[in-house]
Amino acid sequence: MRIRALLAALLVTVAAAPLLADARDDAKKQVQFGIEVAQRNLWIEALLRWQRAVQIDPTYAAAYNNLAIGYEHEGDLDKARAAYEKALQLEPDNALIKQNYELFKEINDRTSRTNGQ
Amino acid sequence: MTGRAALTVSSCLAVALTAACTSYYEIPVETPIRAKLDVGAFQRVLVAGFLAGGTDEVDGNLETTRLLRSQLRTKSDLRVIDVDVLPLMEVASEGRDSEANGQGAQSALPAVIKDDKDLDAYEHVFANVEYWKKIGEEHQQPLIVTGTVMFTSQANTQMRQTESEITDALGRRRTVPERRLVERKGFGLNGRFIFIDGRTGTTMFSQNFRESVMYDANRQTPALSSYFELMDKLIPSFLATLSSQKIKGTRILLN
Chain A
1 MRIRALLAAL
11 LVTVAAAPLL
21 ADARDDAKKQ
31 VQFGIEVAQR
41 NLWIEALLRW
51 QRAVQIDPTY
61 AAAYNNLAIG
71 YEHEGDLDKA
81 RAAYEKALQL
91 EPDNALIKQN
101 YELFKEINDR
111 TSRTNGQ
Chain B
1001 MTGRAALTVS
1011 SCLAVALTAA
1021 CTSYYEIPVE
1031 TPIRAKLDVG
1041 AFQRVLVAGF
1051 LAGGTDEVDG
1061 NLETTRLLRS
1071 QLRTKSDLRV
1081 IDVDVLPLME
1091 VASEGRDSEA
1101 NGQGAQSALP
1111 AVIKDDKDLD
1121 AYEHVFANVE
1131 YWKKIGEEHQ
1141 QPLIVTGTVM
1151 FTSQANTQMR
1161 QTESEITDAL
1171 GRRRTVPERR
1181 LVERKGFGLN
1191 GRFIFIDGRT
1201 GTTMFSQNFR
1211 ESVMYDANRQ
1221 TPALSSYFEL
1231 MDKLIPSFLA
1241 TLSSQKIKGT
1251 RILLN
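Residue numbers (this note's numbering), protein chains in the order written: chain A, 1 to 117; chain B, 1001 to 1255.
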């Protein structure tokens, strides 16, 4: 009985592995397309692609990083912060994401140097 | 290798290592920052003047008014009204005198503003809705910028570590760390920008600020130059209140 259960679990894992790999591959395609259009200054399209990428694979840190940059470019700073934080949650040691986030925070600090009422 | 250098080298290595494992693309970005205040209803702006105090080496009222007008002329869509700077201390004194006479008592305001306490005695001028409404009517109901500016000289001491070379009894030279107190002097700039609706005379928004700069005591820095150094730090935020801006930078896209 126990062996059967183990075998079933193994089967599920083996069957799911290609699905996960497929999800990452699909997400990567979206991310790459987003990069290409962003380089042509088509940021709205890029943003849509990166949004789709994180829907397909919610564990893909690079997609969240790019999404954060897209939001920054659109001036949606709250969403940018949330996306950077998600990216860093997924890959806390990624130095490039950290660098982007530090630059983003510098802008926020600069624009809120004084206190408004 | 100092701790700071080690940190720099290790973070560069971390970036290089991450970059080696990932496809990355550097891309220029322009982050739009929306104005904090909706000034769509105004076509003109009047930088009226400031209640200023502190050191008498800089006329905070005149210099702040001039600087903000010139910045708004080049970096805002609003048309800047060029008129004489309002003597707000006199206006505040007149208002207080007439109030005091009405009550049969005389309340004296400090002749010069040396500190925040002196400034407090004049602040009632900003709440004088009728006065600001009248100023607004005289200039076709613009957005009015006013506030307080306190520019003061400051001094403090700071512990600083240096290395000095000594020769021991055997004639050997070596460096030893030496900690000593260093006297510093500089200036502080604090106050408030107040944005008043010229149609109603009421305050729409106010923004506090506080900055300081310190130098070695033997360095001679003119007060006016320090004043501009400090205002340079405040201007981006002041402008961001009135007009949208785009901040240029670069980011790294990853795949």
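Beta carbons: idealized from backbone N, C-alpha and C, even for Gly.
In the assembly as shown, V1149 (chain B) is a buried residue. Its beta-carbon has 16 or more other beta-carbons within 10 Å.
With a contact defined as Cβ atoms closer than 8 Å, P1142 (chain B) and I1081 (chain B) qualify at about 6 Å.
A contact is defined here as three or more CB-CB pairs under 8 Å, and the region 1050–1069 of chain B meets this definition with respect to the region 1146–1165 of chain B. Taking 9 Å as the threshold, the shortest C-beta distance from L96 (chain A) to chain B falls below it.
Around Q30 (chain A), no beta-carbon contact reaches into chain B at under 9 Å, the shortest distance being about 10 Å. A direct Cα-Cα distance of roughly 6 Å separates R1251 (chain B) from I1027 (chain B). By the beta-carbon neighbour count (other beta carbons within 10 angstroms, threshold 16), V31 (chain A) is buried.
For T1162 (chain B), the enclosing beta strand (DSSP E) starts and ends at 1143–1167. Ranked by Cα distance from Y1227 (chain B), the first of B:S1076, B:V1182, B:R1210, B:D1120 is B:R1210. With fewer than 16 other Cβ atoms inside 10 Å of its own Cβ, M1159 (chain B) counts as exposed.
From the listed residues B:R1192, B:P1222, B:G1186, the smallest Cα separation to M1214 (chain B) is found for B:G1186.
DSSP links G1054 (chain B) through a beta bridge to B:F1151. Taking a contact to require three or more Cβ pairs closer than 8 Å, the region 1159–1174 of chain B and the region 1059–1074 of chain B do not qualify as touching. Taking R1219 (chain B) as reference, the option from B:D1118, B:K1134, B:R1184, B:G1060 with the minimal CA-CA separation is B:R1184. Scanning B:L1181, B:L1062, B:T1064, B:R1079 for the CA closest to the CA of D1216 (chain B) turns up B:L1181.
A Cβ-Cβ separation of about 4 Å places E91 (chain A) in contact with A61 (chain A) under the 8 Å criterion. Rounded to the nearest angstrom, the gap between the Cα atoms of E1138 (chain B) and L1088 (chain B) is 16 Å.
The Cβ-Cβ distance between N65 (chain A) and L1254 (chain B) falls below 9 Å. For E1130 (chain B), not one C-beta of chain A is nearer than 9 Å to its own C-beta.
Boundaries of the beta strand (DSSP E) harbouring L1181 (chain B): 1173–1197, taken from the DSSP string. Look at Y1227 (chain B) here: in three-state DSSP terms it is helix. Beyond the five residues adjoining it in sequence on each side, G1191 (chain B) comes within less than 7 Å, by CB distance, of G1147, T1148, V1149, M1150, F1209 in the same chain, given in chain order. Against chain A, the CB of T1022 (chain B) has a partner CB under 9 Å away; the residue lies at that interface.
A distance below 6 Å between beta-carbons, with the five flanking residues on each side excluded, links K1075 (chain B) to the following residues of its chain, in chain order: L1239. Shown here, L1086 (chain B) sits in coil according to DSSP, grouped into three states, outside any helix or strand.
In the three-state reduction of the DSSP assignment, R1079 (chain B) falls in the strand class, which pools E and B. Bounds of the beta strand (DSSP E) holding N1208 (chain B) are 1203–1216. Here K1133 (chain B) has G1201 as same chain residues with Cβ atoms under 6 Å from its own Cβ, once five neighbours each way along the sequence are excluded.
For V54 (chain A), the enclosing alpha helix (DSSP H) stretches over residues 43–56. For T1022 (chain B), the secondary structure class from DSSP, reduced to helix, strand or coil, is coil. The C-alpha of N1128 (chain B) lies about 17 Å from the C-alpha of V1047 (chain B). The alpha carbon of N108 (chain A) has as its nearest neighbour, out of B:F1195, B:I1033, B:A1223, B:P1222, the alpha carbon of B:I1033. In this chain, the alpha helix (DSSP H) harbouring K1134 (chain B) covers 1129–1138.
A direct Cα-Cα distance of roughly 17 Å separates R49 (chain A) from S1023 (chain B). With respect to R1044 (chain B), R1079 (chain B) sits close: the two C-beta atoms are nearer than 9 Å. Between L1037 (chain B) and T1203 (chain B) a beta carbon distance of about 11 Å is seen, past the 8 Å cut, so the two are scored as non-contacting.
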